[in-house]
Amino acid sequence: MTPLDFHEIEAALEELDGWQIDDGKLHRRLKFEDFQAAFAFMTRIALAAEKANHHPEWFNVYNKVEVWLSTHEAGGITQKDVRLAKQIDAAAR
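Per my numbering, residue -15 is the first one in the sequence shown, and the count goes up by one each step.
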């Protein structure tokens, strides 16, 4: 799998909700009503990530979740990351 180029990443960002580039990775901050809602969101994403065999880097404190996506074996952002970001967007609604 090859990393996306700058223009492909820019085009992908236009389709995503609240994502930006941080240190060469897709990054999004999310805020939920409470810890239970944040944990339920993380559980849904964990199951989708496991099914796709593509796992996010993330950090959770109470009702806040930060997510970073990149494809380590490709050395950058790939379509796998964009697909998972879209699933994250859908789960966050």
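Each residue gets a CB set at the ideal place from its N, CA and C atoms; glycine is no exception. Computed from a prediction, not measured in an experiment: that's the story for all the values here.
Across the set A(-4), D73, A74, N47, the C-alpha of N47 shows the shortest separation from the C-alpha of F16.
CA-CA distance, L53 to F19, rounds to 22 Å. DSSP, read as helix, strand or coil, puts T62 in coil.
Of all C-beta pairs linking the segment 59 to 68 to the segment -1 to 10, three or more are shorter than 8 Å, placing the two stretches in contact.
For the pair T55 and L0, the Cα-to-Cα distance works out to about 17 Å.
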